[in-house]
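Reading through the structure tokens given below for one structure.
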Amino acid sequence: MVVKTIEDLSELLCKMEIAQKEFATFSQEKVDKIFAAAAIAANAQRVPLAMDAVKETRLGIVEDKAIKNSFASEYVLNYYRHTKTCGVISEDPANGTITIAEPLGIIAGILPTTNPTSTCIFKSLLSIKTRNAIIFSPHPRAKECSIKAAKIVLEAAVAAGAPDHIIGWIDVPSVPLCQELMKHDKISTILATGGKAMVVSAYSSGRPAIGVGPGCTPAVVDETANVKQAVASILMSKAFDNGVVCASEQVALVHEDVFDMFVTEAQKLGGYVLDDEQREKVEQLMFPPHRETGKRGALNVGIVGQRAMEIAKMAGIEDKALNKATKALIGIVGQDVEKEWFCHEKLSPTLGLVKVSSYEEGRDLAARIIEAGGLGHTATFFTSPIQKDRMIDYGKTIKVGRILINCPASQGAIGDLWCRLAPSLTLPTGSWGGSSLTANLSVNHLINTKIVAQKVENPLWFRNPPKIFFKRGCTMLAAEEVRNCKRAFIVTDTMLVKLGMVEKLRSYFHKYGIATHVYSDVKPDPKLFEIMNGVKAMREFGPDLVIGFGGGSPMDAAKIMRLLYEHPDADFRAMAITFLDIRKRSYRFPSLLEDTKTKLMCVSTTSGTGSEVTPFAVVTDEKTGIKYPLADYELTPQIAVVDADFVMDMPRGLTAATGMDVLTHAIESYVSVIATEFTQPYSLQAIKLIFDYLPSSYEHGAKDPIAREKVHNAAAIAGMAFASGFLGICHSLAHKLGQQYHIPHGLANALLLVPVIRFQCTENPTKQGIFPQYLYPQAVQRYAEIAKHIGCTGKDEMELVDGLCKKIVELNSKVGIPEYISQLRTHPSREEYFSTIEALAVDAFDDQCTGASPTYPLIEELYEIYKNLYEPLE
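Counting in the numbering used here, the sequence shown runs from 124 upward without gaps.
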């Protein structure tokens with residue numbers, strides 16, 4: 124049918140819609156057969172189509188247009204011959220994704236007068252390869268040759284099995300009809316190649332569009348370039364199809380050291396260098412004054428695509444040296460490039476030439492030229508292959524999508540000929556030039572992709588110190604392990620110094636000639652200023668071994684001091700940012716496990732925190748009172764020492780609090796959403812050891828050394844479990860409660876443990892933990908497994924959980940720990956407590972431990988736990 128009116132257009136689009144829907148069902152094999160047949164047919168007519176284009180438009184050169192037609196068919200076929208564009212185009216079994224390609228629908232192709240047949244062939248073939256239909260709006264001055272090219276492709280495609288009407292066109296193109304096409308509701312996207320007004324209209328149509336922009340390609344030639352190659356490339360590019368390729372060079376910026384050589388070579392190879400008078404004549408011709416305003420601005424379309432000798436003749440220049448072998452008219456101009464007309468886009472074999480004193484000056488002028496009229500398009504740079512730094516610098520500076528090194532721009536920008544860009548006759552300009560793409564248009568841009576994403580369990584981890592020493596007296600073996608060290612910096616507290624335990628520790632290392640320095644200013648909940656003072660002392664001493672000796676506070680302090688000693692520029696507050704997955708955290712810790720100045724050894728003197736084996740540390744900013752929990756496997760000690768000799772004389776209150784801290788570590792790491800088969804056995808072993816031995820360790824102390832050692836071992840075993848399995852909301856709540864009311868951490872955990880278990884034991888929590896390994900609510904099941912492990916019985920899981928809770932309450936009672944806040948020896952008043960717990964609930968929700976909880980809590984639910992913890996309900 125012939126399309127002349129809006130009604131004709133709508134009728135054709137209805138037919139094309141039916142054809143495209145049928146085409147969308149074709150297999151890759153069938154599409155590839157059609158694609159190949161269409162490309163071969165177009166390539167067979169490359170010369171006749173080129174002749175038709177030149178005859179109709181009076182632009183360009185037949186022989187060059189034949190090359191473009193061949194490129195648009197032969198190169199595109201070769202490049203995409205094996206590319207998948209139908210159905211499943213890729214699979215990633217490791218990540219569980221399948222990518223499925225679907226066509227866009229009907230594409231509107233806007234064709235230019237400069238490349239009317241090659242652009243038509245190119246867009247037609249890409250549409251066929253992607254199972255789209257395409258309808259063309261040819262340029263009125265190139266409609267016959269464009270439609271002929273479209274017919275050749277369509278007839279070959281239909282003969283190979285494509286549906287009728289898979290390619291269409293407007294027979295009598297006009298601006299109103301083109302605009303109606305671009306905004307038609309059956310159009311899926313627009314491929315706009317043409318003048319700036321046309322591209323703007325496409326983007327304003329309300330339909331998705333991919334457009335191109337004007338080119339004003341600068342070519343920088345530095346002092347290290349192969350000048351002969353540079354001249355040959357630039358002139359070949361400028362003369363190609365009489366300069367109508369939008370990527371062709373508009374101005375060469377040549378270093379003064381090679382400028383004269385450049386001019387000489389240009390004259391040898393067909394470049395005609397204009398004198399000042401001739402240049403002014405050509406400028407007047409290219410950009411004539413407006414008849415009314417007298418101002419220059421618009422390009423004279425009469426010179427577009429004409430031979431250099433013809434343009435010279437139009438300008439009134441007569442010279443026997445001007446002939447058909449003249450490749451370009453060259454105008455030498457100054458560095459005020461925005462005002463020099465030879466530095467503008469000219470779409471003709473005319474070239475500006477500027478002398479520059481350095482590469483940097485050339486680069487900066489090139490950037491100004493692009494800013495003035497070629498944003499996003501193309502730039503070239505001729506230099507020595509060894510000038511990689513300059514290539515990168517040029518690429519960073521110039522705002523274009525294609526930066527070509529030692530390539531002719533016309534031939535290089537279209538790809539797959541001089542360089543490995545995708546072959547394309549549509550060169551978008553990115554956001555700089557008002558386009559939605561920067562890359563050369565390819566089949567990837569003409570398909571919708573659907574991702575089928577299966578549930579994938581992330582690879583997990585199990586991380587512990589490389590070496591762990593345990594059993595009484597094992598510190599001696601640990602000292603022997605580091606006997607090659609020279610200077611040991613011991614981080615501890617004053618109490619351990621007074622008790623003589625630090626001196627005992629030092630004796631092990633002095634035996635091997637290791638000098639020691641003791642920093643004992645660490646208080647409970649170490650403060651930032653204590654850390655920084657320790658780092659200063661560490662720098663003065665210059666250790667190759669750092670030893671954290673004590674409870675959680677000295678060991679945490681040692682970890683952080685060593686971190687800041689090794690990496691003084693580390694961003695401390697960024698390291699404290701919470702995360703969902705420790706492997707994907709936003710801030711990467713500096714390396715502390717390999718290639719370090721120091722080794723880290725942690726020796727525990729309390730049976731609770733497990734810090735000697737974990738990657739965790741906490742420090743408090745004394746100015747704000749904010750606790751900064753640091754967590755990263757880089758903080759893991761290289762050597763952990765679990766020597767029960769150091770805990771034999773622990774006070775009963777500390778034994779109770781730290782022991783219940785161990786139990787909480789073990790239980791929470793077992794039910795955590797990140798718990799695995801590798802961590803859970805450690806959790807269960809620690810739980811059993813606490814239930815079996817904590818009462819006697821608390822009651823008899825050093826009189827039952829076996830119980831003391833078992834509880835001490837349990838602390839490290841639980842630490843290994845939660846180092847990789849993490850904790851939960853009992854710790855989140857305990858952190859904030861202890862911080863607010865100075866309740867020892869283990870004691871706060873003991874108070875909260877049963878209420879948290881009761882809260883989490885539901886088959887239908889408000890929210891479930893979101894780690895992908897945690898398939899469905901399993902808290903009840905896991906708590907029941909713990910109960911069985913310690914000998915509880917029951918007819919169902921909830922009865923087992925009740926038994927577990929009763930055993931925890933009994934254990935608390937045995938070690939002197941009450942059930943409620945109000946029963947503590949010193950406790951906040953009811954009014955004070957209830958005035959703070961709303962804010963504490965918010966802070967607890969934001970705690971690092973919350974994310975691993977099997978029941979992901981609402982803030983109001985955390986508030987309820989706090990509320991019910993104060994005193995027994997009446």
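Each residue gets a CB set at the ideal place from its N, CA and C atoms; glycine is no exception.
Using only alpha-carbon positions, find the residue among Gly673, Leu715, Tyr635, Asp679 that is nearest to Ala693. Here residue 693 is taken as the residue at index 570 of the sequence shown, counted from 1. Ranking Gly673, Leu715, Tyr635, Asp679 by Cα distance to Ala693 puts Leu715 first.
State yes or no: is the C-beta of Lys266 nearer than 6 Å to some heavy atom of the ligand GTP? Inclusion of the ligand GTP in the displayed structure is not the case, the ligand content being empty and no account of it being possible.
May I have the straight-line CA-CA distance separating Val726 from Met655, to the nearest angstrom? Mapped onto the sequence shown, residue 726 falls at position 603. Mapped onto the sequence shown, residue 655 falls at position 532. Val726 and Met655: Cα-Cα distance of roughly 21 Å.
In the DSSP assignment, find the alpha helix (DSSP H) that holds Gln863 and state where it starts and stops. In the sequence shown, counting from the first residue as 1, residue 863 sits at position 740. Element bounds for Gln863: 852 to 864.
Option in Thr148, Ala189, Ser193 with minimal Cα separation from Ala224: What you label residue 224 is simply residue 101 of the sequence shown in a count that begins at 1. Of the listed residues, the one whose Cα sits closest to Ala224 is Thr148.
Report buried or exposed for Val125, applying the criterion of at least 16 other Cβ atoms within 10 angstroms of its Cβ. Taking the first residue of the sequence shown as position 1, residue 125 is located at position 2. Its Cβ having fewer than 16 others within 10 Å, Val125 is exposed.
Can you check which of these residues, His788, Val625, Ser193, is closest to Gly733 by C-alpha distance? Here residue 733 refers to the residue found at position 610 when the sequence shown is read from its first residue. The shortest Cα separation from Gly733 among His788, Val625, Ser193 belongs to His788.
Just tell me which of Ala873, Asn872, Thr978, Ser958 has its CA closest to the CA of Thr889. Residue numbering aside, residue 889 sits at position 766 when the sequence shown is read from its first letter. The candidate whose alpha carbon is nearest that of Thr889 is Thr978.
From the DSSP output, in three-state form, read off Met684 for me. Along the sequence shown, one-based indexing puts residue 684 at 561. Correct three-state label for Met684: helix.
Run the CB neighbour count on Ser842, radius 10 Å, all protein chains shown included, and call it buried at 16 or more, exposed below. Residue numbering aside, residue 842 sits at position 719 when the sequence shown is read from its first letter. The identity of residue 842 in the sequence shown is Gly, whereas the question assumes Ser. Buried.
Per the DSSP calculation, Ala231 is bridged to which residue(s)? The count along the sequence shown starts at 1 and reaches residue 231 at position 108. In the DSSP output, where bridge partners are listed per residue, Ala231 has Ile258, Ile313.
The region 224 to 244 in contact with the region 252 to 268 per 3-pair CB rule at 8 Å: yes
Rounded straight-line distance, which links the Cα of Ala320 to that of Asn571: Residue mapping note: residue 571 aligns to position 448 of the sequence shown, counting from 1. Residue mapping note: residue 320 aligns to position 197 of the sequence shown, counting from 1. Rounded to whole angstroms, Asn571 to Ala320 spans 28 Å at the Cα level.
Assuming contact is defined by CB atoms lying nearer than 7 Å, are Thr449 and Gly499 in contact in what I supplied? Walking along the sequence shown from the start, residue 449 turns up at place 326. Walking along the sequence shown from the start, residue 499 turns up at place 376. Against a cut-off of 7 Å, the Cβ pair of Gly499 and Thr449 comes out as no contact.
Counting C-beta neighbours from all protein chains within 10 Å, is the total for Gln878 16 or more, i.e. buried, or is it exposed? As a first step, residue 878 is located in the sequence shown; it is residue number 755 there, counting from the start. According to the sequence as given, residue 878 is Pro; it is not Gln. It is buried - the Cβ of Pro878 has at least 16 other Cβ atoms within 10 Å.
If you follow the alpha helix (DSSP H) that Phe158 is part of, which residue opens it and which one closes it? By 1-based counting over the sequence shown, the position of residue 158 is 35. Unbroken alpha helix (DSSP H) run through Phe158: 151 to 167.
Taking Ala279 as part of the beta strand (DSSP E), name the residues at either end of that continuous run. In the sequence shown, counting from the first residue as 1, residue 279 sits at position 156. Segment 266 to 282 is the alpha helix (DSSP H) holding Ala279; no beta strand (DSSP E) there.
In chain order, which beta strand (DSSP E) runs of at least 3 residues are fully inside the region 375 to 446? 394 to 397
Applying the criterion that 16 or more other CB atoms from any shown protein chain within 10 Å of the CB defines a buried residue, is Ile310 buried or exposed? In the sequence shown, the residue the question calls residue 310 occupies position 187. So Ile310 ends up on the buried side.
Residue closest to Ile810, alpha-carbon to alpha-carbon, out of Ser554, Ile931, Met724, Leu622: Translated into positions along the sequence shown, residue 810 becomes position 687. Nearest C-alpha to Ile810: Ile931.
Strand pairing of Trp292, partner residues [DSSP]: The residue you call residue 292 lines up with position 169 of the sequence shown. Phe259.
Considering only the beta carbon of each residue, do Glu468 and Gln373 sit closer than 7 Å? Looking up residue 468 in the sequence shown gives position 345. Looking up residue 373 in the sequence shown gives position 250. A contact, by the Cβ cut-off of 7 Å.
Pick out the complete beta strand (DSSP E) segments inside the region 564 to 646, 3 residues or longer, and give them in chain order. 570 to 576, 590 to 593, 610 to 614, 638 to 642
Of the listed residues Lys138, Tyr989, Asn192, Ala164, nearest to Ala173 (C-alpha basis): Translated into positions along the sequence shown, residue 173 becomes position 50. With distances taken between Cα atoms, Ala173 lies closest to Asn192.
How should Gln883 be labelled, buried or exposed, when 16 other C-beta atoms within 10 angstroms of its C-beta is the threshold for buried? Locating residue 883 in the sequence shown gives position 760, where the first residue counts as 1. Gln883 comes out buried.
Ala871 to Leu758 span [Cα, whole Å]: One-based indexing of the sequence shown puts residue 871 at position 748. One-based indexing of the sequence shown puts residue 758 at position 635. Each residue's Cα considered, the two are about 26 Å apart.
Less than 7 Å separating the beta-carbons of Ile940 and Ala779? Taking the sequence shown and counting its residues from 1, the one referred to as residue 940 is at position 817. Taking the sequence shown and counting its residues from 1, the one referred to as residue 779 is at position 656. Result yes, Cβ atoms of Ile940 and Ala779 sit closer than 7 Å.
Find the nearest neighbour of Glu388 within the set Asn423, Ala451, Val405, judged by alpha-carbon distance. To locate residue 388, count along the sequence shown from 1; it is residue 265. Measuring from the Cα of Glu388, the nearest candidate turns out to be Ala451.
Counting beta carbon pairs with one atom in the region 605 to 618 and one in the region 662 to 672, are three or more of them shorter than 8 Å? yes
Which partner residues of Gly457 appear in the DSSP bridge assignment? Here residue 457 refers to the residue found at position 334 when the sequence shown is read from its first residue. For Gly457, which the question treats as bridged, DSSP gives no partner whatsoever.
Are the beta-carbon atoms of Gly998 and Thr501 separated by less than 7 Å? Residue 998 falls outside the range modelled here, since the chain spans only 124 to 997, and no answer is possible.
When we look at the beta-carbon of Pro649 and count the other beta-carbons within 10 Å, is it buried (16 or more) or exposed? Here residue 649 is taken as the residue at index 526 of the sequence shown, counted from 1. Classification for Pro649: buried.
Mind checking whether Gly420 and Gly557 have CB atoms under 7 Å apart? Reading the sequence shown from its first residue, position 297 is the one you call residue 420. Reading the sequence shown from its first residue, position 434 is the one you call residue 557. Contact flag unset, no.
Please state whether DSSP places His868 in a helix, a strand or coil. As a position in the sequence shown, residue 868 is number 745, starting the count at 1. Three-state result, His868: helix.
Which residues does DSSP pair with Lys990 in a beta bridge? Here residue 990 is taken as the residue at index 867 of the sequence shown, counted from 1. None, per the DSSP bridge assignment.
For Cys725, three-class secondary structure by DSSP: By 1-based counting over the sequence shown, the position of residue 725 is 602. In this structure, Cys725 counts as strand in the three-state DSSP scheme.
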